[in-house]
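Everything on this sheet refers to the single structure shown next.
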Amino acid sequence: PGWPGRAINRRLGRWLKGYLHHRLMHKAELNGVELQTVNAAYTSQTCPRCWFASRGNRRGDRFRCTNCGYAGSADAIAATNVRQRGSDSAITRFMSASDVKQILDVRWRSARIGRAWDSNEASFMHQGASRTWIESRTAAGEVQTPPVIHTAALYPPAVVVAEQEAPDAYSVKNASFV
Numbered sequence: 239p240g241w242p243g244r245a246i247n248r249r250l251g252r253w254l255k256g257y258l259h260h261r262l263m264h265k266a267e268l269n270g271v272e273l274q275t276v277n278a279a280y281t282s283q284t285c286p287r288c289w290f291a292s293r294g295n296r297r298g299d300r301f302r303c304t305n306c307g308y309a310g311s312a313d314a315i316a317a318t319n320v321r322q323r324g325s326d327s328a329i330t331r332f333m334s335a336s337d338v339k340q341i342l343d344v345r346w347r348s349a350r351i352g353r354a355w356d357s358n359e360a361s362f363m364h365q366g367a368s369r370t371w372i373e374s375r376t377a378a379g380e381v382q383t384p385p386v387i388h389t390a391a392l393y394p395p396a397v398v399v400a401e402q403e404a405p406d407a408y409s410v411k412n413a414s415f416v
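One rule links them: number in our numbering = place in the sequence shown (from 1) + 238.
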């Protein structure tokens, strides 16, 4: 017979996640705050400035983007990315990590050449379509490139709770409690 420790650890881990979720829901409800569960894939490895996602960006509790040099606390950067996921329609809660990585790579390539992306672009890439960039045409038929979008300005301040090892993370919108 195997060790009962592994099964007990698994049960305790599930219980703790359930308890944490229950307490977060309770506190959010008491304070009139919306609590969302988001996909946490690559949140601690993605640069919030240039969208570059790499395991090499994170070393312990420090984050330094190997693409643009952006640096900070790995936990704070992961929390920023979790907050952004709360309003990201392209990355869904149950999407596989490889699909999330593909979307992040599209965003990074777009940011690298100074073009904007939107959730439709990521959806096209996710569905395997050959169209890479979102473009619109004027009445004269000229191609217009969308402006660069600085996503940090799109998200209101919030308190965010993330669980690094979990498949989900919790994003609390417009919260004033900890």
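For every residue, glycine included, the Cβ atom is placed at its ideal position computed from N, Cα and C.
Local conformation of Y257 per DSSP, three classes: In the three-state scheme derived from DSSP, where H, G and I count as helix and E and B as strand, Y257 is classed as helix.
Simplified DSSP state of Q274, which is helix, strand or coil: Here Q274 sits in strand by DSSP.
Stretch pair the segment 280-292 + the segment 307-321: three plus CB contacts closer than 8 angstroms: As far as the Cβ criterion goes, the segment 280-292 touches the segment 307-321, which means the pair count is three or higher.
Range covered by the alpha helix (DSSP H) that runs through S348: First-last of the alpha helix (DSSP H) with S348: A335 to R350.
With 16 other Cβ atoms within 10 Å as the buried cut-off, status of W253: Classification of W253: exposed, given that the 10 Å Cβ count is below 16.
Where G307 sits in the DSSP three-state scheme: Looking at G307 - three-state DSSP - the assignment turns out to be coil, as it is neither helix nor strand.
Length of the line joining the Cα atoms of N247 and K255: Near 12 angstroms, if we compare the C-alpha coordinates of K255 and N247.
As assigned by DSSP and simplified to three states, the class of R284: Note on identity: in this sequence residue 284 is Thr, with Arg being the wrong assignment. If DSSP states are grouped into helix, strand and coil, T284 belongs with the strands.
Beta-carbon proximity list for N425, same chain, < 6 angstroms, skipping 5 on both sides: Residue 425 lies beyond the range of the chain shown here (239 to 416); nothing can be said about it.
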